[in-house]
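Structure first, then comments.
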Amino acid sequence: MPLLDDMVAEDLGLPTDIFHPSALMQDPHDSEESCISADGIIRHILSRPGIDVEPVTAAERGIAETAKARQVKKEEANAKRRQTIADKKDGAVEMTMEEKAEAFADALANEAEKTGKRLGLSETKRHKLRFTAIFDR
Numbered sequence: 017m018p019l020l021d022d023m024v025a026e027d028l029g030l031p032t033d034i035f036h037p038s039a040l041m042q043d044p045h046d047s048e049e050s051c052i053s054a055d056g057i058i059r060h061i062l063s064r065p066g067i068d069v070e071p072v073t074a075a076e077r078g079i080a081e082t083a084k085a086r087q088v089k090k091e092e093a094n095a096k097r098r099q100t101i102a103d104k105k106d107g108a109v110e111m112t113m114e115e116k117a118e119a120f121a122d123a124l125a126n127e128a129e130k131t132g133k134r135l136g137l138s139e140t141k142r143h144k145l146r147f148t149a150i151f152d153r
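End of the sequence shown sits at 153 in the numbering used here; the numbers just go up one at a time, nothing left out.
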């Protein structure tokens, strides 16, 4: 005996075989109950930098302005980061061997301090680790 769903599907003229070509071609997002709204799509498009779409409403203009401000902020942060890296490289080139050794020892001492904290060592033992890393070179 066929299932009730199969009987209803046959009454509607729909294929009951899930491997039927028309059943395979159906898109679940084509329904009218789709969770994607036109406003959501417009907001998504307007929030993407570099897309030249003229906003119509005040809300859309606000979204576009926020997206542009966010893009400018990202570009400024990237420029600042690149400048900092360039300054560090220039400073490293100009350092003498003694200054490089000093910087390396400081970095090693800081790592020893972090490792001591991670291991849960007391302040005294961490200080001893740091002191050993600095003066044991």
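Just so you know, even glycine gets a beta-carbon here, dropped at the ideal spot from N, CA and C. Given the structure is predicted, the values throughout are model-derived calculations rather than measurements.
Alpha carbon of residue i to alpha carbon of residue j, nearest angstrom
i    : j    : result
S50  : A95  : Legend: pLDDT at S50 = 47, less than 50; position of this residue unreliable, no value from coordinates given.
K89  : S53  : 29 Å
D139 : D122 : Asp is not the amino acid found at residue 139; the sequence shown has Glu there. For E139 and D122, the distance between alpha carbons rounds to 18 Å.
A102 : E115 : 18 Å
K133 : A117 : 24 Å
M113 : Q99  : 24 Å
E110 : R97  : 20 Å
D106 : A85  : 31 Å
A119 : K104 : 12 Å
L124 : E91  : 33 Å
A74  : G56  : 15 Å
G136 : Q87  : 42 Å
A108 : K141 : 32 Å
Cβ pair residue i, residue j closer than 8 Å
i   : j   : result
I58 : E81 : no
R64 : A93 : no
Within-8 Å CB hit, residue i to chain C
i   : result
I57 : Although the question refers to chain C, the structure presented lacks it and comprises just one protein chain.
Nearest residue (CA-CA) to residue i, options the options
i   : options          : result
I61 : A74, T73 and I79 : I79
Does the structure place the region 142-149 close enough to the region 117-132 that three or more beta carbon pairs sit under 8 Å? Segments in contact, yes.
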